[in-house]
Amino acid sequence: LLALSAVGYAQQPNYDESKVPAYTLPNPLKMENGKAVVTKEEWNERRKEILQLFETQVYGKAPAHPKDLHFKVLKEDRYAINNMATRKEVAVYFSKDEKHYMTILMYVPNKRNGAVPMFFGLNFKGNHTVSDDPNITESITRMKPKEGGKEIQMGTFKRGAEASRWPIEMLIANGYAIATVYRGDIDPDYDDGYQNGVQPLFYQKGQTKPAADEWGTLAAWAWGLSCAMDYFETDEDIDSKKVAVIGHSRHGKTALWTGAIDQRFAMAISNDSGCGGAAISRRKFGETFRKINTLFPHWFCENFKQYNDREEHLAVDQHQLVALMAPRPVYIASAAEDLWADPKGEFLSGVHATPVYEVFGLDGIKGVDAPKVNEPIMNGAIGYHVRSGNHDINLYDWQQFVKFADKHLK
Ligand code: GCU
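Residue numbers (full-length UniProt numbering): 17 to 426.
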């Protein structure tokens with residue numbers, strides 16, 4: 017009994033570096049048949065193997081974009097933010113009957129010469145929470161129902177509640193557009209047996225939930241962001257070849273997976289993404305597979321659950337997720353006090369993705385330990401910082417992302 021309770025969910029998270037188990041990471045530059053990857057062409061083959069493993073064992077496979085995918089600009093205001101920006105709300109319909117859709121909220125700088133680069137990512141609490149702007153249409157939030165009750169929807173979160181996480185004016189002043197989608201428009205963030213998100217639109221006859229290797233909620237979110245890219249390609253204000261997909265925490269996991277499945281995204285930014293994001297799983301530091309699969313049983317595909325307490329048996333680790341961005345620039349951000357997300361493990365995934373960037377003649381990041389707090393490294397195609405403070409995304413984080421984007425997207 018003692019032995020049993022020592023493992024598993026009841027176990028305290030490990031925050032002691034000396035208790036990190038010894039581990040060997042899967043080599044991103046070694047084909048499954050044992051051949052070494054040297055050239056870009058060989059990497060492209062290896063990339064397929066790695067992508068498939070993440071698809072079938074971790075996030076789950078998502079379907080092709082619906083043939084009925086279509087868009088409508090619902091609202092446009094050219095005098096937003098003291099005339100500095102144009103605000104648009106664009107519906108992306110997943111079905112012909114327009115019952116299922118997500119709303120993209122976007123701000124485009126008015127001072128621009130042609131199409132502009134853009135940051136794009138999910139928000140937690142509704143589009144109306146990213147700014148005090150009274151003209152943003154309130155999202156219908158979708159929160160877990162109380163026992164036996166209905167989903168909690170309207171009026172859950174105040175306008176501007178998450179404004180500190182979205183420095184819209186700063187981005188506009190720096191010449192970037194910014195777009196966001198409420199993740200609940202794609203798939204609500206609770207374990208609903210995959211009944212209320214986009215998954216049911218694709219069930220085969222008789223199917224009631226995704227198969228073991230099919231999309232969980234993170235993959236559904238990534239799929240939604242990828243559908244949004246179909247719209248951006250039609251929007252003349254946006255340089256769709258210069259869109260950075262960004263996310264904090266669970267949305268940071270999603271941002272990395274989005275960049276992996278859709279190479280049209282020019283950059284990915286992971287902020288405090290932790291377990292299932294940038295952190296090396298085999299370190300079992302902070303959040304582990306068992307914890308994440310217990311707290312959030314809907315996030316990953318069913319197959320992923322077989323790796324609870326067995327991180328080392330998964331054929332991939334998260335440095336390979338970062339490597340799937342290559343040769344496109346990727347930025348990983350941590351927060352010093354956010355031990356649950358394992359800052360060092362997040363740094364190390366950048367270090368261990370670096371050999372793949374070197375195949376393209378690019379630099380990544382090197383080292384055994386993360387740099388000092390508030391000392392970003394961004395000379396190569398992989399950027400990293402550990403900010404002082406806690407689990408959050410704030411102005412400091414964004415300022416670094418803008419510096420990095422200035423190097424690569426301007
Ligand atoms: C929880 C979860 C993390 C996740 C975080 C967030 O802490 O365990 O995996 O990143 O929520 O999304 O804020």
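Even glycine gets a Cβ: it sits at the ideal position worked out from N, Cα and C.
Helix, strand or coil at Ser180 [DSSP, three-state]: As a working note, residue 180 is residue 164 in the sequence shown. Ser180 falls in the helix class under three-state DSSP.
Beta-carbon proximity of Glu328 to Tyr123, cut-off 8 angstroms: Locating residue 328 in the sequence shown gives position 312, where the first residue counts as 1. Locating residue 123 in the sequence shown gives position 107, where the first residue counts as 1. No; because the gap between Cβ atoms is not below 8 angstroms, this pair is not in contact.
Supposed close pair Ala244, Val197 - CB separation, criterion 8 angstroms: For the purposes of this step, residue 244 is identified with residue 228 of the sequence shown, where counting begins at 1. For the purposes of this step, residue 197 is identified with residue 181 of the sequence shown, where counting begins at 1. Confirmed, Cβ separation roughly 6 angstroms.
Length of the line joining the Cα atoms of Thr172 and Ile194: Translated into positions along the sequence shown, residue 172 becomes position 156. Translated into positions along the sequence shown, residue 194 becomes position 178. Spanning the two alpha carbons is a distance of roughly 24 angstroms.
Segment contact, 8 angstroms Cβ cut-off, at least three pairs: the segment 266-278 with the segment 380-388: Contact fails: fewer than three Cβ-Cβ distances are below 8 angstroms.
Residue from Lys174, Arg158 and Ile156 whose Cα sits closest to the Cα of Pro150: One-based indexing of the sequence shown puts residue 150 at position 134. Looking only at Lys174, Arg158 and Ile156, the smallest Cα-Cα distance to Pro150 is reached by Lys174.
Cβ-based neighbour list, Asp333, same chain, cut-off 7 angstroms, excluding 5 preceding and 5 following: Translated into positions along the sequence shown, residue 333 becomes position 317. Excluding five sequence positions before and after Asp333, the CB atoms of its chain that fall closer than 7 angstroms to its own CB belong to Leu41, Pro42, Ile296, Ser297 and Arg298, given in chain order.
Identity of the residue in Pro392, Ala238, Gly165 and Asn410 nearest Gly76 by Cα: Taking the first residue of the sequence shown as 1, we reach residue 76 at position 60. It is Ala238.
Residue nearest to Glu57 in terms of C-alpha spacing, selected from Pro37, Glu167, Pro343 and Phe136: The count along the sequence shown starts at 1 and reaches residue 57 at position 41. The shortest Cα separation from Glu57 among Pro37, Glu167, Pro343 and Phe136 belongs to Pro343.
Thr304 - partner residues in DSSP beta bridges: Stepping through the sequence shown from its first residue, residue 304 is reached at position 288. Per the DSSP secondary-structure output, Thr304 pairs with nothing in a beta bridge.
Exposure of Leu241, with buried meaning 16 or more beta-carbon neighbours within 10 Å: Residue mapping note: residue 241 aligns to position 225 of the sequence shown, counting from 1. Residue burial is scored here from C-beta neighbours: Leu241 has at least 16 other C-beta atoms within 10 angstroms and is therefore classed as buried.
Asp229 versus Thr310: straight-line alpha-carbon distance, rounded: Within the sequence shown, the letter at position 213 stands for residue 229. Within the sequence shown, the letter at position 294 stands for residue 310. Between the alpha carbons of Asp229 and Thr310 lies a gap of roughly 18 angstroms.
Chain-order list of residues whose beta-carbon lies under 7 angstroms from that of Gly137 (same chain, five-residue window excluded): For the purposes of this step, residue 137 is taken as the residue at position 121 of the sequence shown. Excluding sequence positions up to five before and after Gly137, its CB lies within less than 7 angstroms of the CB of Thr196, Val261, Ile262, Gly263, His267 and Ala271, all in the same chain and listed in chain order.
Ser265: CB within 7 angstroms of a non-hydrogen atom of the ligand GCU: Taking the first residue of the sequence shown as position 1, residue 265 is located at position 249. Yes - the ligand GCU has a heavy atom lying nearer than 7 angstroms to the Cβ of Ser265.
Test item: CB-CB of Trp356 and Gly290 under 8 angstroms: One-based indexing of the sequence shown puts residue 356 at position 340. One-based indexing of the sequence shown puts residue 290 at position 274. In terms of Cβ geometry, Trp356 and Gly290 form a close pair [threshold 8 angstroms].
Exposure label - Thr304; buried when at least 16 CB within 10 Å: As a working mapping, residue 304 is identified with position 288 in the sequence shown. Burial state of Thr304 is buried, judged by a 10 Å Cβ sphere holding 16 or more other Cβ atoms.
Reduced DSSP secondary structure (H/G/I, E/B, other) of Met272: In the sequence shown, the residue the question calls residue 272 occupies position 256. In the sequence under discussion, the amino acid at residue 272 is Leu, which differs from the Met named in the question. Note: Leu272 maps to helix in three-state DSSP.
Extent of the continuous beta strand (DSSP E) to which Thr196 belongs: Within the sequence shown, the letter at position 180 stands for residue 196. The continuous beta strand (DSSP E) containing Thr196 extends over residues Ala193 to Tyr198.
Sufficient close CB pairs (3 or more, under 8 angstroms) joining the segment 86-98 to the segment 217-225: Touching, no, given that fewer than three Cβ pairs across the two stretches are closer than 8 angstroms.
Among Leu67, Asn98, Gln73 and Leu187, the one whose alpha carbon lies nearest that of Asp278: Residue numbering aside, residue 278 sits at position 262 when the sequence shown is read from its first letter. A check of alpha carbon separations from Asp278 across Leu67, Asn98, Gln73 and Leu187 identifies Leu67 as the nearest.
Own chain, CB closer than 6 angstroms to Lys51, minus 5 neighbours either side, in chain order: Numbered from 1 along the sequence shown, position 35 holds the residue referred to as residue 51. So the list is empty, once near-sequence residues are dropped.
Straight-line gap, Asp203 to Lys88 (C-alpha atoms, nearest Å): Translated into the one-based positions of the sequence shown, residue 203 becomes position 187. Translated into the one-based positions of the sequence shown, residue 88 becomes position 72. If you take the alpha carbons of Asp203 and Lys88, they lie about 20 angstroms apart.
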